[in-house]
Amino acid sequence: MDGDEQLARAELRRQIGRLEAQLGSLFADAFPRLRIDAGVAAVSSEPRALGLGDLEAIRDSLATRIGAARRQLQERAELETRNRELLERMLDAPAEHKWLRISRTDVGEPGCGHWHSRPRLGPLGMLMGWWRVRVSSGCPLSGRLAAVERERQESP
Amino acid sequence: MGAGAADSELGWEPSSTFGWVAPHVSAEFPGLGISWIEVDGKPGRSPEPVERRLHETSNRFYGAHAIHLRERPIPWAYRVFFRQIGLDPDRTRTPVEQLALDRLQDGGFKTRGLPADALTIATIETGIALRAFDAERLEGALCIRDSAPGESLAGRPGELSHGTLVIADEQAPAGLLFGATGEDRGVGRGTRRIAIAAVQVDGVPQIAVDEALWMVAATLEAA
Numbered sequence: 001m002d003g004d005e006q007l008a009r010a011e012l013r014r015q016i017g018r019l020e021a022q023l024g025s026l027f028a029d030a031f032p033r034l035r036i037d038a039g040v041a042a043v044s045s046e047p048r049a050l051g052l053g054d055l056e057a058i059r060d061s062l063a064t065r066i067g068a069a070r071r072q073l074q075e076r077a078e079l080e081t082r083n084r085e086l087l088e089r090m091l092d093a094p095a096e097h098k099w100l101r102i103s104r105t106d107v108g109e110p111g112c113g114h115w116h117s118r119p120r121l122g123p124l125g126m127l128m129g130w131w132r133v134r135v136s137s138g139c140p141l142s143g144r145l146a147a148v149e150r151e152r153q154e155s156p
Numbered sequence: 157m158g159a160g161a162a163d164s165e166l167g168w169e170p171s172s173t174f175g176w177v178a179p180h181v182s183a184e185f186p187g188l189g190i191s192w193i194e195v196d197g198k199p200g201r202s203p204e205p206v207e208r209r210l211h212e213t214s215n216r217f218y219g220a221h222a223i224h225l226r227e228r229p230i231p232w233a234y235r236v237f238f239r240q241i242g243l244d245p246d247r248t249r250t251p252v253e254q255l256a257l258d259r260l261q262d263g264g265f266k267t268r269g270l271p272a273d274a275l276t277i278a279t280i281e282t283g284i285a286l287r288a289f290d291a292e293r294l295e296g297a298l299c300i301r302d303s304a305p306g307e308s309l310a311g312r313p314g315e316l317s318h319g320t321l322v323i324a325d326e327q328a329p330a331g332l333l334f335g336a337t338g339e340d341r342g343v344g345r346g347t348r349r350i351a352i353a354a355v356q357v358d359g360v361p362q363i364a365v366d367e368a369l370w371m372v373a374a375t376l377e378a379a
């Protein structure tokens with residue numbers, strides 16, 4: 001009986017190891033687009049050899065977390081696909097998507113850039129219907145940010 | 157199972173000593189082990205080369221490393237072991253993940269003096285969980301076992317709950333397996349000889365443990 005239980009505990013520990021690897025992989029895949037909650041409540045405040053019940057609870061919680069993480073990733077991927085399709089439509093017809101702004105994050109790409117449907121020549125373009133998509137130049141350079149910070153510190 | 161000198165096939169000196177693991181604990185956790193080395197050294201400010209090494213290590217470690225840490229075999233092995241002993245590694249961090257988090261929050265690995273800086277460098281480089289004890293205050297060989305009724309950890313109020321996994325010497329628990337170190341066994345002002353212990357879990361190769369211990373020893377001896 002005890003031998004059977006020990007085997008069962010060993011099998012549960014093996015399953016926990018496999019699930020932890022899957023969760024770690026999902027966590028890394030999602031970053032930085034999505035923050036996956038990988039937390040599974042501790043069953044003990046101090047380290048100890050766990051019984052079958054506790055090991056089962058951890059295994060089940062990890063499996064639940066993985067299910068939730070996969071759903072989150074799937075939903076995010078669908079949203080990014082829809083945003084990419086919207087971006088293509090905006091690029092084809094900027095005037096039909098006035099003032100719409102889509103960031104690189106919205107389409108699942110790294111960086112700080114965005115696409116923005118804006119009128120050419122300001123108010124005149126608005127009146128004449130001259131719309132175009134402007135692509136931002138990306139993330140601010142660290143040197144520029146440092147200069148702004150210096151100016152702020154120097155100003156009274 | 158007694159303590160004995162490990163084979164130092166690579167010629168690393170000082171060679172590590174294997175501690176024992178209580179048989180029923182070992183049966184539950186195959187691959188769990190402890191080994192340690194002793195080096196002359198006292199706590200204090202890290203010399204300039206150690207601080208420089210810490211700084212260089214900081215410069216090579218970015219946020220992306222921290223995110224992908226849990227996918228690497230050794231940090232993953234410790235995470236799994238934490239789960240298996242009832243700890244949540246996202247709350248009670250594994251040693252290497254705690255250092256990674258501190259690195260991101262502080263903007264670099266802050267110097268905390270010796271021996272802490274030596275342990276930081278070795279843990280970040282290898283992923284191995286390391287502990288420091290005052291070698292002259294340890295009684296005999298180190299081991300991993302579960303606590304007996306009535307045992308406590310010096311400096312912590314109350315008794316350890318029965319079955320808590322501890323690192324112990326031949327007299328008493330020296331610290332939780334992952335967690336607090338007993339005040340009477342920890343490195344303090346009077347320490348002149350330091351025992352560096354590495355806790356090995358299933359999936360962690362012996363060569364990584366030897367390398368971590370050797371790195372700490374080399375850092376402390378050079379200081």
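Those sequence lines, one after another, are chains U and E.
If you read the first sequence in my numbering, its first letter stands for residue 1, the second for the next number, and so on.
If you read the second sequence in my numbering, its first letter stands for residue 157, the second for the next number, and so on.
Built from N, CA and C at the ideal position, the CB exists for glycine as well.
These numbers were taken from a predicted model, which means no experiment stands behind them.
Could you pull out every residue in the same chain whose Cβ sits closer than 6 Å to the Cβ of residue i, ignoring the five residues on either side in sequence?
i	result
Cys299(E)	Gly175, Trp176 and Ala324
Asp106(U)	Asn83
Ala49(U)	none
Use the C-beta contact count for residue i: other C-beta atoms within 10 angstroms, 16 or more gives buried, fewer gives exposed.
i	result
Arg239(E)	buried
Gly338(E)	buried
Gln356(E)	buried
Pro119(U)	buried
His384(E)	What the structure shows of chain E is the stretch from 157 to 379, and residue 384(E) is not part of that stretch, so it cannot be assessed.
His180(E)	exposed
Thr375(E)	buried
Gly189(E)	buried
Leu184(E)	For the record, residue 184(E) in the displayed sequence is Glu; it is not Leu. With 16 or more Cβ atoms within 10 Å of its Cβ, Glu184(E) is classed as buried.
Would you identify the three-state DSSP class for residue i, choosing helix, strand or coil?
i	result
Thr182(E)	The question names Thr, yet the displayed sequence has Ser at residue 182(E). Correct three-state label for Ser182(E): helix.
Ala222(E)	helix
Ile350(E)	strand
Pro203(E)	coil
Thr248(E)	coil
Leu332(E)	strand
Gln356(E)	strand
Glu227(E)	helix
Arg301(E)	strand
Arg101(U)	strand
Glu315(E)	strand
Ser136(U)	coil
Ser155(U)	coil
Gly17(U)	helix
Under 8 Å Cβ to Cβ from residue i, same chain only, skipping five residues before and after it: list those, please.
i	result
Ala256(E)	Phe217, His221, Ala222, Leu225 and Ile280
Asp163(E)	Because the pLDDT at Asp163(E) is just 46, under 50, the model does not fix this residue reliably, and the value given afterwards should be weighed accordingly. Around Asp163(E): Ser171.
Ala336(E)	Leu309, Gly311 and Arg312
State the beta-bridge partners of residue i as determined by DSSP.
i	result
Arg48(U)	Thr320(E)
Phe289(E)	Ala351(E)
Pro119(U)	Trp131(U)
Leu270(E)	Gly200(E)
Ser308(E)	Glu315(E)
His114(U)	Ser103(U)
Thr337(E)	Gly331(E)
So the candidates are the options; which of them puts its Cα closest to the Cα of residue i?
i	options	result
Gly359(E)	Gly264(E), Leu333(E) and Ile284(E)	Ile284(E)
Ser136(U)	Pro32(U), His116(U), Leu26(U) and Leu34(U)	His116(U)
Pro110(U)	Ala42(U), Leu52(U), Ala69(U) and Asp29(U)	Asp29(U)
Mind listing the chain C neighbours of residue i? Cutoff is C-beta to C-beta under 7 Å, in chain order.
i	result
Gly242(E)	Among the protein chains in the structure shown, which are U and E, there is no chain C.
Given residue i, which residues of its chain have a CB within under 7 Å of its CB, disregarding the five upstream and five downstream residues?
i	result
Gly129(U)	Ala95
Ala159(E)	Confidence in Ala159(E) is poor, its pLDDT being 45 and thus under 50, which makes the residue's placement unreliable; the coordinate value appears in the next sentence. Thr173, Phe174, Gly175, Trp176 and Ala297, listed in sequence order.
Gly342(E)	Phe289 and Asp290
Ile58(U)	Ile16, Val40 and Val43
Ala161(E)	At Ala161(E) the pLDDT is 48, less than 50, meaning the model places this residue with poor confidence and gives no usable figure here.
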